[in-house]
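Have a look at the structure below before the remarks.
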Amino acid sequence: MSSITVEGLTKRFGETVALDDVSFEVPEGEFVIVLGVSGSGKSTLLRCMNGLETPTEGEIRIGDTPVDEPRPDIAMIFQQHNIIEQMNAYSNALTGSLNRNTFLDSLFQRQSEEDKLQALDALDTVGLLDEAQQNAQQMSGGQQQRVGIARALVQDPTILLADEPVASLDPGSSQQVMGYLRTAAADRGLTAVISLHQVNLARKFGERFIGLRDGKKVFDGYRDEFDMGVIDEIYGDIDTEGMFAPDGEADDGPDPSSESGDDASSKRGVSSGGMGQ
Amino acid sequence: MSSITVEGLTKRFGETVALDDVSFEVPEGEFVIVLGVSGSGKSTLLRCMNGLETPTEGEIRIGDTPVDEPRPDIAMIFQQHNIIEQMNAYSNALTGSLNRNTFLDSLFQRQSEEDKLQALDALDTVGLLDEAQQNAQQMSGGQQQRVGIARALVQDPTILLADEPVASLDPGSSQQVMGYLRTAAADRGLTAVISLHQVNLARKFGERFIGLRDGKKVFDGYRDEFDMGVIDEIYGDIDTEGMFAPDGEADDGPDPSSESGDDASSKRGVSSGGMGQ
Amino acid sequence: MSYGDSVRDRYEEIVLARRVRALVFLAGFAALAGLFYYALISVGFFAANIPNYLPNFLNALRDFFPFFTPAFPFIEPAGFLDYWAFIDERNLIWGGFGGETPLFGEAGITLAMGFAGTVMGFPLALLFGVLGSGRVTPFPFNFIFRGLMSSIRAIPALVWGLIYIPLGGIGPVTATLAIATDTVGNLGRLFTDELEEIEDGPIEAMETTGANKPQLITFGMLSQVTTPFIAWTLYIFEINVRIAVSLGIIGGGGLGNVLSVQQGLFAFTNMMATILVILVLIISVEIVSQRIRSALREGDEAQGIVALLMGFPQRMAEAALK
Amino acid sequence: MSYGDSVRDRYEEIVLARRVRALVFLAGFAALAGLFYYALISVGFFAANIPNYLPNFLNALRDFFPFFTPAFPFIEPAGFLDYWAFIDERNLIWGGFGGETPLFGEAGITLAMGFAGTVMGFPLALLFGVLGSGRVTPFPFNFIFRGLMSSIRAIPALVWGLIYIPLGGIGPVTATLAIATDTVGNLGRLFTDELEEIEDGPIEAMETTGANKPQLITFGMLSQVTTPFIAWTLYIFEINVRIAVSLGIIGGGGLGNVLSVQQGLFAFTNMMATILVILVLIISVEIVSQRIRSALREGDEAQGIVALLMGFPQRMAEAALK
Amino acid sequence: SGGGDGGDGNSSNGGTSGSTDDVPTAQFVLNPAEADVAIEEQYQPMFEYLESEVEVEIEASRAESYTATLQAIRNDQGEIADISPSAVIAGEDILDIVGIRIAYGAAQYFSTITTTPDSGIESLSDLEGELIYMGDILSVSGTLVPLTVLQDAGLDIGNAPDGDAGNFEAEYSDHTTAREQMVQRDDVMAATTGAFSSAPYVPQEQFEEMSQDFVDISAEYDGAGDEIESSGTQLDLLAVSDPIPRAPLVTRSNWDNSVKGEIEEAILNVEGDDLSHGDDYDGEPLWFTGVQEGTIDDYEMIRTVLDELGLEFEDLS
Ligand SMILES: Nc1ncnc2c1ncn2[C@@H]1O[C@H](COP(=O)(O)OP(=O)(O)OP(=O)(O)O)[C@@H](O)[C@H]1O
Ligand SMILES: Nc1ncnc2c1ncn2[C@@H]1O[C@H](COP(=O)(O)OP(=O)(O)OP(=O)(O)O)[C@@H](O)[C@H]1O
Ligand SMILES: [Mg+2]
Ligand SMILES: [Mg+2]
């Protein structure tokens, strides 16, 4: 059983509360997208689900077993892909089978033919079979990310986690990578949780959406409930905030009784008038 | 006069044609956004306009004078911000005045009070006055990008170029940085040419749009002409391309008469059937 | 589970490529082993019959480590006292106030040689290092400076010491000059290497602001490398202290000199005591230098130190100057 | 143009801060200058009266460079012939086939010492270097290995040479052992440093695949650093050839030995000839090593070389094995 | 030819050890510290002589210090050695003295203290507070004996050579460098060197005034002052030491081989002709012309010097 249960998850780093009492359940085979602005806790959530971080409070269960350390059946895809750039695509994919092989076998690439074929098949799935022997360093960002997906697939996971897998890619590659992720998850019946910060991509690929803001879950719902109101809730009204910030900050400057007051105040007067914050 | 004329601009790197006979005119004070997928020639266009690259053919003129080397009155903002991370925000902004100061004066920061106040004013414009003495290294990506804008403003330019200034920022910071750019350009009456790859940001901030594809200009028009058809023209139909590529590539695999043919061909048959490319 | 043809084909191809690769690597390894063997022959390694002399050698080692005893508990604390007696008697670590040796005794002379040599060599190292970079001096000409630095490095510090005898006489001064010369070659090269690795972006950005060449070099390039330059200088300082020991052995004074006399007297215990002091000196230098370097690397910490150092005078000055 | 109050206030603050900073820097600089002065006193720099002896020194330099003449055109080609005569007579560069010296003469012995020492020291350097990393060995224990490497480094190669005499006798073998020991300390430390700087990402990713500890170390860490490890080994090889020259001076054989004999004979021209050979040797080693290193750094080029090297056998093997 | 190089000795052994099992080999450890020479080449006739007299193969290696030599012998890495008088005292438990080397008929030599004519130094007592350049720090003729001479003249030598001198300053290098740098540098008032280094620059009369022993015994007396004219350098003699026993040739006392006795005998019987090179040799000849029988007692004088200076060799047995 590979359903995921997150129960009362809280994670603090010193003073910072990265996650604040987050709970949800993901049934087997669902494709979930986690949204939130930078610092909202997306990475922390995924790292907890993977056992890379230990929750301060609360619990995460896969089926019935709690997660407390990285496990082969949970595969993770990272924003910075984290593949070994010094190895070729095939060897990178093959590292997904490390947990099934002894140290010496993996050192000399004496894995079973089955494992090797599986690595190539995973590269095929992400459209990189022809580049299997190319050095990862010489690949484009999108290709590297796809190698990361291939490695995850070779792990034979039941759960696929991905932390902003397309954040550093251009739109074309982003769509391609998300497409591969969705195809792979669907073909293999994987439960997938993927964090994103592009709303348009999320809408295009997501099945279910979880919104985080300041570590709290502010939205949890399916396609039909995911509308502009939800986006405002997740992202706040960043437009105004972003565009008028310089003037806003000038407002809390020092006392207005300084020498060069006349010109400056007139200038500030104009901009203060322009916004009501 | 700071209108820009691009005339028959072609740039080749060996075999690659990065720009192919691109021509347009930008009147003084216009805020232009250049769109295109990765590799379409956005950076090359901006680098040619700045004199960092020499066109293979064609010419760029500011007013009536052709551009052939970097000039102080054309300021450039880079995707990787390219500020000096080892210096503080203020010192970085101050480097914008290098062209007005001798080597020794700039070395010992003995610029005129006027220049120094201008640097602080530029930092104020991008909302970083309070962080003026903070080391650039310790700033967030968005803040660093804003320092880059401040440096450009200190140059006292008449033309502002920016190459994907928000590509590595999260949506909040992206909006903020774009906002500062537009405000600064409007306040100082600068002609601005900015390349982006986010369509939504482009729509929100752009006045006029130029679309590049494979080095050719495929669109040039104002807000009202910028619709979904244009986006398809610029980006191509990436959805299908991105999502079905793995199967598409399997099609040009080797001869089907190999040993393990039965299972594989059935699998491929299904996916081939699923798409018509 | 079964796989597509293209996967199988690719698999066969990889298996073949790996087999070829293994062969090539084996050949390379064999070549290396052959070279190694030839080198061993050249130095007369097999003629030396090392296994035969191993017991002798282990026995001789006991001269150096008097605190080892053959029986349990294998360590005799009194041995350490021997060391300390010598260290104390000869002012190796502490020269006392107003004496002829510096405050830190013989170790102080060695340290002073390394330090003075580093400081004296630094300006030329900086000049040659910067001029050796292809970014500053155009291509064929930068190799003049690189060649100069290579030549300086090629001559061992010991030989530089010899060459400088007519200038500095016999003793620590000549050793210091030799270290300074060595520094120009070694540090300058590290500077050049560092400059080759900086990012182009900020330089290009400086260019677009209309900066002139000296400004481009200072703000676009040098400002990026001040931290590594300081770190490399500290690293060379470490090395220079080690060289100062070696130069002492051939007459440069300081700990090396003590070492060479005790060696001449076959006083292995005293020699080991001197080596221990060398160890303490060099490890101290290393630790201090590494602290500073890691503080520089992590700007935060440096900020902390600077803040600490500057906080008080800043407040003072603010009060005074206002 | 006029500016807002907050801008002016900030300006005043910056001016003040800069003034304070300048004071602090001045103080730091003064402290450094003071230390430098004290160091110069300690080594007896001012007593040596260097400016006085400069003419003497320049005169003495003429012994080394017989091809300089005081009159125009300042260079006498015959001087170079003197060099060559000695180089040829003493087999410095070319030992001939089947002779007693290796193929490359005395230079060959020096090279062999550096090469054999590097190869012999490499395995232990790798082991200690990896075990010294905090990522592999948990905190207090990795310092055992770091301390060991520090201690080895602290003892100059010259002293190691002495310690190994009972084992290798007098001559190149002992020098080679000393170089190998030095390599363990120097190369091992570079390895440890390099390991501290690798990215955490790939290691973490390896962890999530369920790899065990040795796999984590091999694939997550070592695979990231093979290129820099090779580069560092080549760098240490360069340094070892230089050390081999120094050890030769104190009896290790090879070029250093020739140098020291000629020095003893006050045959400065011959000495310079030897130095020239040392220069050629070391610069050659450096060029070769730097070529390989830069090829490694830019994967493309390496790919090119590998492709070139492997292309032919690959096609051969493919034809044969199919 | 470079046939006498240390490296060659080793490599030739590597190549031939298989085929010459029956011929015993003996390591001859050479030391150049007492004279500035290319020592392996100079010894070449000696090796050829020994190999012709005795069924033995000589391998030469060059040690850079007596410590290295004694370490080698003590650890069975060398059989025969050329060592200094002081090393005899250090290694008396592990060495057998074969004989004392003779040069120009003398088995003894001298140490000198010299100054430059313009230094203003008239006698040893004027050296108080001045800088003196000496030979290698533990060299018998360059440093140790001259220190006792200075001490006898009333100077406070403090802890020198192993530590700071009392009321003068000492720096150590080697005979020739010490002499040359004294000439070059104004701040160096005297140099202590073996007579072999200084005598060519000192007028004969000065030796005659200073020491009858020197005139009688020293091999350097005849050539004294010879270099003054050609070099333009003259030195003034401040002191000449008592005669010092020349350096011996020794064998390892626990060397247990039948050829040991034969070699020792051959060494004692060596003639000047056996030690000279052919006509085509243009290097320096070997400095000694024969070997005279000697025992540890001949080195009593050295032991006294060491005692006076408070130097003590560690036990090497
Ligand atoms: N190891 C850590 N130590 C301290 N604070 C941390 C750590 N990891 C995360 N945080 C803090 O926890 C909060 C949530 O961070 P997290 O990385 O989960 O956000 P995110 O949504 O992934 O942001 P981004 O889009 O920038 O990746 C932030 O305030 C962050 O500063
Ligand atoms: N210096 C160069 N040398 C060779 N080819 C280059 C160079 N710079 C750009 N190109 C090529 O020119 C084409 C256009 O590149 P350009 O960088 O202008 O695209 P872009 O639209 O900025 O892409 P991106 O979004 O990835 O920055 C690409 O095919 C690129 O490979
Ligand atoms: Mg994150
Ligand atoms: Mg670009």
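Chains as they are written, first to last, in this note's numbering: chain U, 1 to 277; chain G, 278 to 554; chain V, 555 to 876; chain E, 877 to 1198; chain Y, 1199 to 1515. Quick reminder that beta carbons are idealized off the backbone N, C-alpha and C, glycines included.
Positions of the alpha helix (DSSP H) runs, each at least 4 residues long and wholly inside the segment 991-1044 of chain E, are given as 1015-1030, 1033-1039, 1041-1044 in order along the chain. Rounded to whole angstroms, the Cβ separation of E/PHE991 and E/PHE1004 is 21 Å, and the two are not in contact under 8 Å.
One Cα belongs to U/ASN88, the other to U/GLN133, and the distance between them is close to 5 Å.
The DSSP assignment places complete alpha helix (DSSP H) segments of no fewer than 4 residues inside the segment 199-241 of chain U at 199-205, 228-235, in order along the chain. With a beta-carbon spacing of about 16 Å, G/VAL283 and G/PHE308 fall beyond the 8 Å limit used to define contacts.
When the beta-carbon positions are compared, V/ARG707 and V/GLY739 come within less than 8 Å of each other.
Distances taken from the Cβ of U/ASP214 to the heavy atoms of ligand 3 include none shorter than 7 Å. U/ASN135 is bridged by DSSP to U/ASN88.
In the structure shown, G/ARG338 adopts extended strand secondary structure according to DSSP, grouped into three states.
Within its own chain, the residues whose Cβ lies closer than 6 Å to the Cβ of V/LEU749, once the five positions on either side in sequence are excluded, are SER687, listed in chain order.
No residue range can be given for Y/THR1431, since it is assigned to no beta strand (DSSP E) and is classified by DSSP as neither H nor E. Look at Y/GLU1326 here: in three-state DSSP terms it is coil, with no helix or strand label.
Note that the C-beta distance between G/ILE360 and V/PRO782 is not below 8 Å.
At a cut-off of 3 residues, the continuous stretches assigned as beta strand (DSSP E) that sit fully inside the segment 388-473 of chain G are 436-440, 468-473.
The criterion of a C-beta distance shorter than 8 Å is satisfied by V/GLY805 and V/ILE724. Burial of E/LEU1038 is indicated by the presence of at least 16 other C-beta atoms within 10 angstroms of its C-beta. Looking from the CA of V/LEU741, the closest CA among V/PHE697, V/THR728, V/ILE793, V/LEU776 belongs to V/ILE793. Ranked by Cα distance from E/ASN1146, the first of E/GLY1132, E/ILE1158, E/ILE1119 is E/GLY1132.
The beta carbons of V/ILE829 and V/VAL795 sit no closer together than 8 Å. Shown here, Y/ASP1505 sits in a helix according to DSSP, grouped into three states.
Within a 10 Å sphere around the beta-carbon of Y/LEU1484 sit 16 or more other beta-carbons, which makes this residue buried. Nearest neighbour of V/ASN645 by Cα position, chosen from V/ASP636, V/PHE658, V/LEU635, turns out to be V/PHE658.
Judged by the Cβ position, V/ASP754 fails to qualify as a neighbour of ligand 4 at the 7 Å threshold, every heavy atom of the ligand being at least this far. Among the CB atoms of chain U, none fall inside 8 Å of the CB of G/GLY506. Relative to ligand 3, the beta carbon of U/LYS42 is positioned inside 7 Å of a heavy atom. Taken in chain order, the whole beta strand (DSSP E) runs of length 3 or more contained in the segment 1268-1300 of chain Y are 1278-1280, 1293-1300.
Taking 8 Å as the Cβ-Cβ cut-off, the segment 333-351 of chain G approaches chain V at PRO347, ARG348, PRO349, ILE351, given in chain order.
Remark: C-beta atoms of U/LEU94 and U/ALA119 approach each other more closely than 8 Å. Against V/ASN610, the close residues of chain E are PRO1042, LEU1043, in the order they occur along the chain (beta-carbon pairs closer than 8 Å). Residue side-chain check: U/GLU164 places its Cβ nearer than 7 Å to a non-hydrogen atom of ligand 3. When DSSP states are grouped into helix, strand and coil, Y/TYR1419 belongs to the coil group.
Within the chosen limit of 7 Å, ligand 1 reaches the beta carbon of U/SER38 through at least one heavy atom. In the DSSP assignment, E/PRO927 falls within the alpha helix (DSSP H) that extends over 926-940. With a cut-off of 7 Å, the C-beta of G/THR293 is classified as near ligand 2, since at least one heavy atom of the ligand falls inside that distance.
In this chain, the beta strand (DSSP E) harbouring U/LEU9 covers 4-13. Look at G/GLU305 here: in three-state DSSP terms it is coil, with no helix or strand label.
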